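These notes are about the structure you will find just below.
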């Protein structure tokens, strides 16, 4: 309990290596709001990808998913309002780097490594079918 109150009231210096954590330590309610926003977004579509327009791995994963004939909902975090807050929420899910972040059937799959691993094991297509994103 004491640790939690220290975490919520601490005012650490801004760190260029992690610019997102600073705003959430100062305002933990925005982290909760961003996590709720992510939860709502991923529940609306069978496949959701949080991406950055300049990220080559994001482009690769979007291409892979589209090559299956799936039309994912793509959110370019560098182009949408509050994209930085959503990216910080992604880092709280353990996705490092934070993009791409792929959700299939409302479940967090992971980043590029996890999606490619599923694809190489021939498990990605069944997940897409199960989520209703792909019909055979």
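In full-length UniProt numbering, the protein residues as written are 1 to 136. For each residue, glycine too, the CB sits at the ideal point set by N, CA and C. Source: prediction; values computed, not measured.
Under the three-state DSSP convention, the category residue i falls into
{"i": "residue 79", "result": "coil"}
{"i": "residue 131", "result": "coil"}
{"i": "residue 25", "result": "Residue placement at residue 25 cannot be trusted, given a pLDDT of 39 that sits under 50; what the coordinates show is reported in the next sentence. Three-state result, residue 25: helix."}
{"i": "residue 142", "result": "In the structure as shown, the chain begins at 1 and stops at 136. Residue 142 is therefore absent and cannot be evaluated."}
{"i": "residue 136", "result": "coil"}
{"i": "residue 117", "result": "helix"}
{"i": "residue 37", "result": "helix"}
{"i": "residue 124", "result": "helix"}
Assigned exposure category for residue i - 16 Cβ within 10 Å defines buried
{"i": "residue 56", "result": "exposed"}
{"i": "residue 96", "result": "exposed"}
{"i": "residue 120", "result": "exposed"}
{"i": "residue 94", "result": "exposed"}
{"i": "residue 153", "result": "The requested residue 153 is not part of the displayed model; the chain covers only 1 to 136."}
Start and end residues, alpha helix (DSSP H) containing residue i
{"i": "residue 51", "result": "Residue 51 -> not in any alpha helix (DSSP H); beta strand (DSSP E) instead, spanning 47 to 51."}
Whole-angstrom C-beta distance between residue j and residue i, which should lie under 8 Å
{"i": "residue 99", "j": "residue 52", "result": "5 Å"}
{"i": "residue 69", "j": "residue 134", "result": "6 Å"}
{"i": "residue 60", "j": "residue 112", "result": "7 Å"}
Unbroken beta strand (DSSP E) run spanning residue i, endpoints
{"i": "residue 107", "result": "107 to 110"}
Per DSSP, cross-strand counterpart(s) of residue i
{"i": "residue 68", "result": "BP columns for residue 68 are empty, so no partner."}
{"i": "residue 74", "result": "49"}
{"i": "residue 104", "result": "47, 107"}
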